[in-house]
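Asker:
Numbering (the numbering used here), first residue to last: 386 to 559.
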């Protein structure tokens, strides 16, 4: 009789333990091993630098209120001038003479590209601040624009508002 009670107790203990493990496994969420943090490639004078979300989070945050396809929108991000400076670009009095032929190509994940004169990012040339946004109206960018989108306030058309930015290159024209 004692063996029968002991066997029942062991079965209850095993069942309870297995059930507890299943509950633990369902409540424990781990990121898949193949998840890669998005990286932004910035190339200046042939030197490539990769910036991740944490790197860009250290830069001063800005909010730009503008219109996107005629709709009021608020974008948050960092000034392109700050990113370029971090990558080694010199602005202000250093941007003059031969350097006035430098331009920036911003490339998207789908190979869409837009070109900007380097001076367009320099606060000593313009009050128009171009940002690399990661939020729109207080929320993460929608998937079709994520992880980053160039926002060029005061432009009438959004053709240079590159979505899904993956690469920025500073080049000198010949």
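Don't be surprised by glycine CBs; every beta carbon is placed ideally from N, CA and C.
Would you mind giving the Cβ-Cβ distance between residue 427 and residue 490, rounded to the nearest angstrom? I have them listed as a contact below 8 Å.
Answerer: Residue 427 to residue 490, Cβ: 11 Å. No contact.
Asker: Rounded to the nearest angstrom, how far is the Cβ of residue 499 from that of residue 548, given a contact under 8 Å?
Answerer: Contact flag wrong, Cβ pair sits at about 10 Å.
Asker: So residue 541 and residue 460 are in contact, right, with Cβ under 8 Å, and what is the actual spacing, rounded?
Answerer: Residue 541 to residue 460, Cβ: 17 Å. No contact.
Asker: So what does residue 560 bridge to, in DSSP terms?
Answerer: There is no way to answer for residue 560, as the model of the chain reaches only from 386 to 559.
Asker: Could you compute how far the alpha carbon of residue 523 sits from the alpha carbon of residue 450?
Answerer: Answer to the nearest angstrom: the Cα atoms are 12 Å apart.
Asker: To which residues of the same chain is residue 537 closer than 7 Å at the C-beta, ignoring the five residues directly before and after it?
Answerer: The answer, listed in chain order, is 515, 545 and 546.
Asker: Assuming contact is defined by CB atoms lying nearer than 7 Å, are residue 517 and residue 485 in contact in what I supplied?
Answerer: Not closer than 7 Å, so no.
Asker: Apart from the five residues just before and just after residue 558, which ones in its own chain have a Cβ nearer than 6 Å to its Cβ?
Answerer: Correct list, in chain order: 486.
Asker: At the level of alpha carbons, what is the spacing between residue 552 and residue 496?
Answerer: So the alpha carbons of these two residues sit roughly 10 Å apart.
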